[in-house]
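Under my numbering, the residues of the sequence shown are numbered 30 to 341, in order.
Note that beta-carbon positions come from the ideal geometry of N, C-alpha and C, so glycine has one too.
Okay, so here's the structure we're looking at.
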Amino acid sequence: YLMLENDAFTFKLNQVKRIIKNYKGREESEFKMLKSELLPHFNKFQEFDFHYIKKENILFPYLEACWESYRPLKVMWSLHDDIRKSLKELIEMLKSDVSEWQKFNKQLGKYFSLVFRMIQKENSIIFPVATETVKAETWHQMHLQSFGYPFPFIEVPEKPKDAVVANLSDENRISKLGEILSSTGNLTAEQVLLVFNHLPVDITLVDNNDKVVFFNKAKDRFFPRSPAIVGRAVQNCHPPESVHIVENIIEAFRSGKKNKADFWIQMKGKFILIQYFALHDEKGNYKGVIEVSQDVSAIRDLKGEKRLLNWE
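This is the structure in structure tokens:
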């Protein structure tokens with residue numbers, strides 16, 4: 030399906046090339062008309078990023094496992110980023126009132142060169158070599174995992190329903206060694222607790238019977254929790270005046286009408302975001318609620334970008 034996505038993308042790229050080819054004038058008014066015609070196309074091209082994301086998160090890991098040298102994959106990932114950057118710059122030019130045709134045309138040539146060369150490398154090198162080195166069963170697993178992402182510019186294929194699908198189900202299992210096994214990896218009980226306790230959030234889990242079954246030990250909890258609340262009805266863990274809100278949330282989650290509720294408060298000089306998420310299994314059965322609270326004061330103050338490491 031990655032090659033089908035390439036074919037569909039190539040068709041759309043050629044459509045845009047024809048539009049540009051028909052641009053004869055050099056007047057500012059004509060260029061503005063061209064820009065307004067091209068902008069929707071290039072905005073649409075952003076959807077093709079899921080093609081690269083699937084390569085980076087599904088194809089590349091499997092190739093790294095069976096290739097002795099996977100440096101070419103790192104280079105290709107870097108080229109993905111070049112394409113993303115080039116497309117972003119093109120869209121900014123199309124939205125700008127001061128773009129010049131020569132400058133735009135140069136950036137346009139760069140973008141087309143990058144994407145067409147990438148398509149050629151994928152279809153002629155990466156995909157054929159991967160087909161020779163990756164086992165059929167592994168391809169099937171990759172195909173199943175690809176359904177976690179959109180299929181840009183092509184119809185979504187029918188998801189296979191067979192024994193392999195069942196084996197890849199997200200329904201977790203416990204191994205004989207005490208590991209939690211899932212399609213996204215395996216964790217020991219110790220690792221699970223370490224993850225929960227090192228997240229910069231307060232977490233409380235309520236089961237489908239409205240009983241508190243777990244809370245994490247975050248470094249600086251905003252709301253006190255003690256082991257005594259485990260097994261307690263969640264309605265009893267809130268002030269009486271707010272119990273009706275708790276019950277409304279649970280009922281909406283249980284019925285499937287809602288799956289998220291957000292609140293925010295200011296407390297002790299901190300801006301606290303409180304979120305509730307409905308938990309459902311793969312069959313849609315209600316399994317409870319997870320409450321996540323975090324101090325977002327520093328997040329709200331963020332500006333610009335930070336791309337370099339600086340611990341000062």
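Please report the distance separating the alpha-carbon of residue i from that of residue j.
{"i": "residue 33", "j": "residue 138", "result": "24 Å"}
{"i": "residue 111", "j": "residue 143", "result": "8 Å"}
{"i": "residue 236", "j": "residue 316", "result": "6 Å"}
{"i": "residue 283", "j": "residue 136", "result": "52 Å"}
{"i": "residue 194", "j": "residue 168", "result": "Bear in mind that the predicted position of residue 194 carries a pLDDT of just 42, short of 50, making it too unreliable to give a figure here."}
{"i": "residue 62", "j": "residue 49", "result": "11 Å"}
{"i": "residue 183", "j": "residue 288", "result": "30 Å"}
{"i": "residue 141", "j": "residue 38", "result": "12 Å"}
{"i": "residue 71", "j": "residue 105", "result": "22 Å"}
{"i": "residue 207", "j": "residue 145", "result": "49 Å"}
{"i": "residue 220", "j": "residue 320", "result": "21 Å"}
{"i": "residue 100", "j": "residue 147", "result": "16 Å"}
{"i": "residue 294", "j": "residue 114", "result": "38 Å"}
{"i": "residue 92", "j": "residue 119", "result": "32 Å"}
{"i": "residue 163", "j": "residue 98", "result": "15 Å"}
{"i": "residue 108", "j": "residue 216", "result": "33 Å"}
Can you tell which of the options has its C-alpha closest to the C-alpha of residue i?
{"i": "residue 40", "options": "226, 212, 74", "result": "74"}
{"i": "residue 172", "options": "329, 225, 80, 228", "result": "80"}
{"i": "residue 188", "options": "175, 91, 131", "result": "175"}
{"i": "residue 82", "options": "178, 49, 226, 301", "result": "178"}
{"i": "residue 238", "options": "276, 219, 255, 216", "result": "276"}
{"i": "residue 160", "options": "107, 96, 109", "result": "96"}
{"i": "residue 127", "options": "58, 102, 69, 149", "result": "58"}
{"i": "residue 69", "options": "108, 217, 123, 36", "result": "123"}
Determine which residues share a DSSP beta bridge with residue i and list them.
{"i": "residue 302", "result": "293, 323"}
{"i": "residue 318", "result": "235, 307"}
Which complete beta strand (DSSP E) runs does the stretch 224 to 299 hold, if anything under 3 residues is left out? 231 to 236, 241 to 244, 289 to 296
The stretch 241 to 260 in contact with the stretch 218 to 230 per 3-pair CB rule at 8 Å: yes
Determine, using beta-carbon pairs with one atom in the stretch 84 to 92 and one in the stretch 152 to 168, whether at least three such pairs fall under 8 Å. Because the criterion of three Cβ pairs below 8 Å is met, the stretch 84 to 92 and the stretch 152 to 168 touch.
With a cut-off of 8 Å, do at least 3 Cβ pairs link the stretch 318 to 330 to the stretch 284 to 304? yes
Which ranges would you report for the alpha helix (DSSP H) in the stretch 68 to 134 if only whole runs of at least 4 residues count? 78 to 83, 89 to 95, 100 to 124
List, from N- to C-terminal side, the alpha helix (DSSP H) runs of 4 residues or more that fit wholly inside the stretch 130 to 183. 130 to 150, 156 to 162, 165 to 174
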